[in-house]
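Each remark here refers to the structure printed beneath this line.
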Amino acid sequence: MVPPIGNLYALARGWWAAGRRRLLPSLLSGAAPLDLRFVGRTLLRAGLVGLAAGLVGAAFFGGLELVQRLLLEDLAGYLPLRAHGEALAASPTAPQTFRPWLLLVLPALGGLACGLLTRLAPETRGGGGDAMIDAFHRQGGMIRGRVIAVKLLASLCTLGTGGAGGREGPTMHIGAALGSLVGRLLRVSARERRVLLVAGVAAGVAAVFRTPLGAALLAVEILYRDGFESEALVPAIFSSVVGYSVVISIFGESTLFAHAARFPLVLAHLPLYGLLALGVALLAAAFVAALQRSRRLFAALPVPAWARPAVGGVALGALCTPLIVAVGRHLGTSGGQGLGLLGVGYGAVQVAITGASWLPPGWGAVELLLGLALLKLVAAALTIGSGGSAGDFAPALGIGGLFGGAVGRAARLLLADPRLDPGAFALVGMGVCYGGIAHVPLSALVLVCELAGNYDLLVPLMLAQGIAFIALRRSALYEAQVPTQSDSPVHRDALLLEVLHGSQVKELMTRGRPFVSFEPRTRAGEMLRRVGESSWQDVFPVVDDAQRMVGLISLDALRVLAGEPDDAPWAVAADIMQPPVYVHEDDDLRRATERLLANGLREIPVVDRARTVIGFLDEAELAKSYLQAALRAEEARDTALQGEISSVSLPHIDVRDLKV
110 MVPPIGNLYA LARGWWAAGR RRLLPSLLSG AAPLDLRFVG RTLLRAGLVG LAAGLVGAAF
170 FGGLELVQRL LLEDLAGYLP LRAHGEALAA SPTAPQTFRP WLLLVLPALG GLACGLLTRL
230 APETRGGGGD AMIDAFHRQG GMIRGRVIAV KLLASLCTLG TGGAGGREGP TMHIGAALGS
290 LVGRLLRVSA RERRVLLVAG VAAGVAAVFR TPLGAALLAV EILYRDGFES EALVPAIFSS
350 VVGYSVVISI FGESTLFAHA ARFPLVLAHL PLYGLLALGV ALLAAAFVAA LQRSRRLFAA
410 LPVPAWARPA VGGVALGALC TPLIVAVGRH LGTSGGQGLG LLGVGYGAVQ VAITGASWLP
470 PGWGAVELLL GLALLKLVAA ALTIGSGGSA GDFAPALGIG GLFGGAVGRA ARLLLADPRL
530 DPGAFALVGM GVCYGGIAHV PLSALVLVCE LAGNYDLLVP LMLAQGIAFI ALRRSALYEA
590 QVPTQSDSPV HRDALLLEVL HGSQVKELMT RGRPFVSFEP RTRAGEMLRR VGESSWQDVF
650 PVVDDAQRMV GLISLDALRV LAGEPDDAPW AVAADIMQPP VYVHEDDDLR RATERLLANG
710 LREIPVVDRA RTVIGFLDEA ELAKSYLQAA LRAEEARDTA LQGEISSVSL PHIDVRDLKV
């Protein structure tokens, strides 16, 4: 029997009234499992960071294009290679006069301008990734606001004049600085400020690389060698989407690289991808070693730090300009034809993926791409190692992509297999090189799939990333990374405090030991006499006639009293005591630690509900418990890491499940 409409209406009104009285208040008050106020605030703030990072990223992308057009193309007559999604406007059709002498000095002038700018914020020297990671772990998510302007201008000077580096490293640092700035303006907690820092990194990378999901994963994965910042994942995704949306609303939706529509999976090619991973791992380790060697060499030069990027620019121009002229003549192209050595270099990777009309056929292309990969390695080491404001993200991708393109072409020549696509090997090489040395295998995998516009390369990427993960364990692009959350200063202290939070005072307190106490009217001479009878106390309770604690006198105060014999006869305990400081036996150790630190005490009385002293808690016992908790956390981390390494294996994947 169907109930009348009126009854249904009355029933619905009753449910709504009950929900309004019980459910909604519990949700809004935070009593429910999901705290909507916290989630809403966090996502709103992450959205603000994404908006700011998207606008700044778009300005940086467009500004860099403009500076390169004015200086490299119009002034020096150099035609830099660009990837499919990098060209904001058509290149000039009229031939430009190539001025190699000017190309020789432009990187040095850009390095000099960069060095002078970075005097305002020395932390902006170099790629930016290490500075961002260090700010998260060791500075509480604090980055100075001036970093935004200084890093942006210094990067324009470096990259706009031909410095061999990338845009992503600077935008990581700029985005992180924007997140930190928003956190300070909104006066959020240190924990929320760190989350906003990560959200800014995600939005910055998404804005210039156009891979929103990969950028969000990268932001939370890059902080650790063996983990990720799970708490910041959702805000990072939200911020990344906002930043990406801002950029594509300005420049249009497009992937960075042009490539084949599909990359069919051929199981017989998987061993080739495994060999590719080994080769890329060797080259990636060489890149890290070259960066470290370059930093040491430039640091040893007898010049100030701000002048080192100019010296690096001189070396870069001297290396690349003769090669550009010589190779251009050999290939029969314009003398100013770019090879991807100067600037970001994604155009060279585009050639490795899709080829070019000037690329020599057969083994000539293999040799050229291998040579460019090695030269890009040296050029990037000169720029970044000298302190130039340029990212190490793009060079790592470029080196891996060029080497992968060379391997793919060599395999096709050797095996005469038309199913081999060099573009697939170039894309896999990109992801493996950066993912291996930055220890971000998951985000690198997703980044490449987003660049390809599909998941056809998922299986080769998983295989290659697994091999590189093992081969590159001892090579780290970012020295500021820590192994896991338990090794991060900001998380380690919080973790140990949580351990203390789970223990109670009664587990460590000392009971039954005779102790010295005073009454409010006890005179100084009597107090000093009683103190001499105690060999272990650092604090002395002051109690009333009912033995109820009413104050506290520290040993330091009594020492001061003993040093003033003229005033001592007239002083009583009530004159020098401080308000009572104590804990209950059911309090947790975290609360006890906070009270000890807040009052500068070395021990604290433990009282019952009547405020009668029943024992003492000493800082030495707390330190011992803290140390034991740290050792347990360290042992747990080592056990988990050993288990992870010993069980590294490739997951079984049914190829039929990967069809789009």
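The sequence shown begins at 110 in my numbering and counts up one residue at a time. Virtual Cβ for every residue (Gly too), placed ideally from N, Cα, C.
In the three-state reduction of the DSSP assignment, Arg632 falls in the strand class, which pools E and B. Looking at Gly172, Gly660, Gly709, the one whose alpha-carbon comes closest to that of Val716 is Gly660.
Met618 carries a coil assignment under DSSP once its states are collapsed to helix, strand and coil. As computed with DSSP, Tyr333 is found in a beta bridge with Val591.
Buried is the label assigned to Lys485, since at least 16 other Cβ atoms lie within 10 Å of its Cβ.
Taking all protein chains in view, the Cβ of Gln656 is surrounded by fewer than 16 other Cβ atoms within 10 Å, so the residue is classified as exposed. By the Cβ test, the region 236-256 is in contact with the region 320-339, since at least three Cβ pairs between them sit closer than 8 Å. The beta carbon of Leu211 sits closer than 7 Å to those of Leu184, Ala185, all from its chain and outside the five residues before and after it, given in chain order. The region 255-267 makes contact with the region 488-504: 3 or more CB pairs, one atom from each, lie closer than 8 Å. In the DSSP assignment, Pro413 falls outside any beta strand (DSSP E), carrying neither H nor E. Between Leu483 and Leu477 the beta-carbon gap is near 11 Å, outside 8 Å, which marks them as no contact. Bridge partners of Glu712 according to DSSP: Asp727.
In the three-state reduction of the DSSP assignment, Met251 falls in the coil class, being assigned neither a helical nor a strand state. If you look at Leu536, you'll find it in the alpha helix (DSSP H) that goes 531-546. Scanning its chain for C-beta atoms nearer than 7 Å, with the 5 sequence neighbours on each side dropped, one finds around Val690 the residues Leu661, Arg704, Asn708, Leu710, Ile713, in chain order. Unbroken alpha helix (DSSP H) runs of no fewer than 4 residues, entirely contained in the region 439-501, are found at 455-463, 472-494, following chain order.
In the DSSP assignment, Phe347 falls within the unbroken alpha helix (DSSP H) covering 342-360.
In this structure, the beta-carbon distance from Ala312 to Gly284 falls below 8 Å. Within the region 201-244, the runs of alpha helix (DSSP H) that reach at least 4 residues and sit entirely inside it are, in chain order, 209-227. For the beta strand (DSSP E) assignment, the region 248-329 encloses no uninterrupted run of at least 3 residues. Taking Leu157 as reference, the option from Arg253, Leu218, Val351 with the minimal CA-CA separation is Val351.
In this structure, Leu385 sits near Val537, with a CB-CB distance shorter than 8 Å. For Gln613, the three-state secondary structure derived from DSSP is strand. Taking Gly447 as reference, the option from Gly724, Phe207, Ala168, Phe170 with the minimal CA-CA separation is Phe207. Taking the C-beta atoms as reference points, Leu481 is found no nearer than 8 Å to Gly421. Rounded to whole angstroms, the Cβ separation of Asp335 and Pro592 is 5 Å, and the two are in contact under 8 Å. Put simply, of Thr280, Tyr187, Val453 the residue whose alpha carbon is nearest the alpha carbon of Ala315 is Thr280. Here Ser663 is bridged, per DSSP, to Val648. Residue range 567-580 is occupied by the alpha helix (DSSP H) that includes Phe578. Around the beta carbon of Asp654, a 10 Å sphere encloses fewer than 16 other beta carbons of the protein chains shown; the residue is thus reported as exposed. Glu195 counts as buried, since at least 16 other C-beta atoms from the protein chains shown sit within 10 angstroms of its C-beta. In this structure, DSSP gives His693 an extended state, which the three-state scheme calls strand. Taking the Cα positions, Lys615 is about 7 Å away from Asp695. Excluding five sequence positions before and after Glu628, the CB atoms of its chain that fall closer than 8 Å to its own CB belong to Val651, Val652, Asp653, Asp654, Ala682, given in chain order. DSSP places Ser552 inside the alpha helix (DSSP H), whose first and last residues are 550-561. The region 155-169 and the region 420-440 do not touch, with fewer than 3 CB-CB distances between them shorter than 8 Å.
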